[in-house]
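Residue numbers (mature numbering (1 follows the signal peptide of the UniProt record, and there is no 0)): -18 to -1, 1 to 366. Glycine residues also receive a C-beta, built at the ideal position from the N, C-alpha and C atoms.
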């Protein structure tokens, strides 16, 4: 895990951009699984989002989701952006996981296609005060656009407002500072369908237990928009679709390093527990470690995000599966929306990519969808 903020001068790579029909031929967005229907509500907890392509999530201010696949730039617009010699900065809440690395790659590749220089990337390691300092450091590099995920919607709001007041175009990943309004303080927010991913995580456990059992929830006890959506969807799905499954323990963490200790306490108090839902893949690794140390290898786990370690555990059958985000595609969408702002082109306030169910049966294909590379040999070996 990273312990310091790093400012990186990054070299960028090549990728195709987003497409949507206008007057001229366009370069398509490389969002392999980006199709999604717009929806007026969070969606029914009884349906599995990945089956119908419908995006279940609403935006930070209740906005209806627009599919990332609908974004597009004409060839003329791309050339116009290239001629601007623009600079971009990226501020992560935490950079030490596969989700951040994949999203960063999507951003870098797309900015390279647009001729936009990435002048700095920072990692706040989940510390709001560090991100406030990061923003000051990045602003000294004179970016025209900034893509960021706030560590805390309240504690960082003033710092992000200073960025907006300086004329920098802001595009947010997942979370938006309190009081911010799309089209006024920022361009747009992009996320995965986190509500849909919560549904998938619940279905994985519900199906594995045959609709009956006792389960625990290890959750992130911080007011974070997307993790709140996941938990809401998981709870609602369990209550409505699997009423004979009882949530016997709910235990919080605020630091991912705490997840194993939380799981230790949970299984000590509930030695006959059948399954555990962890909020995302990194704390799920801590839960899995605790279960193995206690010899409770039969306890089932579901989570969200297809990190490399969890992918291997899914392939081997140690984890039921995940509701997967498509972080590379999110990065493509964020960079494209930044280009919209530079062009003065109207941007949708909330853009999402659909949820994807991943389990042992489709782990190799899903890995390719998420990371845009062939499944590595270690994953193929684990599956076999």
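Pick from the options that is closest to residue i, judged by C-alpha positions
i	options	result
residue 189	175, 223, 210, 170	223
residue 253	287, 198, 268	198
residue 230	247, 239, 243	247
residue 108	291, 206, 278, 288	206
residue 308	59, 103, 38, 84	84
residue 278	292, 250, 284	250
residue 321	117, 148, 352, 170	170
residue 45	359, 354, 257, 329	329
residue 214	120, 177, 351	177
residue 54	86, 38, 96, 37	96
residue 221	204, 193, 167	193
residue 301	319, 314, 122, 267	267
Cβ neighbour criterion (16 or more within 10 Å) applied to residue i
i	result
residue 363	exposed
residue 57	exposed
residue 67	exposed
residue 272	buried
residue 303	buried
residue 81	buried
residue 366	exposed
residue 326	exposed
residue 226	exposed
residue 274	exposed
residue 79	buried
residue 165	exposed
residue 355	exposed
residue 359	exposed
residue 352	buried
Straight-line gap, residue i to residue j (C-alpha atoms, nearest Å)
i	j	result
residue 195	residue 179	21 angstroms
residue 323	residue 269	42 angstroms
residue 43	residue 276	43 angstroms
residue 212	residue 294	23 angstroms
residue 6	residue 317	Because residue 6 sits at a pLDDT of 30, beneath the cut-off of 50, its placement in the model cannot be relied upon, and the following sentence gives the value as read from the coordinates. Distance between the alpha carbons of residue 6 and residue 317: 20 angstroms.
residue 150	residue 264	32 angstroms
residue 202	residue 183	15 angstroms
residue 241	residue 262	11 angstroms
residue 243	residue 94	43 angstroms
residue 111	residue 191	43 angstroms
residue 280	residue 143	49 angstroms
residue 283	residue 257	6 angstroms
residue 186	residue 296	12 angstroms
residue 234	residue 200	6 angstroms
residue 158	residue 132	7 angstroms
residue 89	residue 153	12 angstroms
residue 162	residue 135	9 angstroms
residue 260	residue 285	5 angstroms
residue 63	residue 245	49 angstroms
residue 168	residue 350	32 angstroms
residue 216	residue 59	41 angstroms
residue 120	residue 65	23 angstroms
residue 255	residue 228	10 angstroms
residue 10	residue 210	Confidence at residue 10 is low in this model, with a pLDDT of 34, below 50, so its placement is unreliable and no value can be given for it.
residue 181	residue 145	36 angstroms
residue 139	residue 315	23 angstroms
residue 219	residue 61	47 angstroms
residue 123	residue 129	14 angstroms
residue 137	residue 91	31 angstroms
residue 160	residue 232	27 angstroms
Cβ-based neighbour list, residue i, same chain, cut-off 7 angstroms, excluding 5 preceding and 5 following
i	result
residue 16	Residue confidence for residue 16 is low, a pLDDT of 29 falling below 50, so the modelled location carries little weight; the figure read from the coordinates is stated next. 49, 50, 51, 311, 335.
residue 346	357, 361, 362, 365
residue 348	288, 306, 338, 340
Residues near residue i in its chain [Cβ-Cβ closer than 6 angstroms; skip 5 each side]
i	result
residue 69	99, 101, 125, 126
residue 332	41, 45, 47, 171
residue 3	Residue confidence is low: residue 3 scores 30 on pLDDT, short of 50, so the model does not pin down where it sits. No coordinate-derived value is stated.
residue 156	131, 173, 208
residue 238	264, 265
residue 319	153, 169, 170, 329
Cβ-based neighbour list, residue i, same chain, cut-off 8 angstroms, excluding 5 preceding and 5 following
i	result
residue 299	342
residue 141	113, 114, 117, 118
residue 236	202, 203, 204
residue 291	263, 267
residue 175	18, 31, 37, 38, 39, 47, 334, 335, 336, 337
residue 148	121
residue 86	72, 74, 77, 103, 313
What ranges does the alpha helix (DSSP H) occupy inside the region 71 to 146, keeping only unbroken runs of at least 4 residues that lie completely in it?
80 to 96, 110 to 121
In the region 179 to 204, which residue ranges form an unbroken beta strand (DSSP E) of at least 3 residues, counting only runs that do not cross its ends?
195 to 202
At 4 residues or longer, what runs of the alpha helix (DSSP H) sit wholly inside the region 214 to 265?
241 to 251
In chain order, each beta strand (DSSP E) run of at least 3 residues that lies wholly inside the region 308 to 354:
332 to 335, 338 to 341
Identify every run of the beta strand (DSSP E) within the region 151 to 175, keeping only runs that are complete inside it and at least 3 residues long; order them along the chain.
151 to 155, 170 to 174
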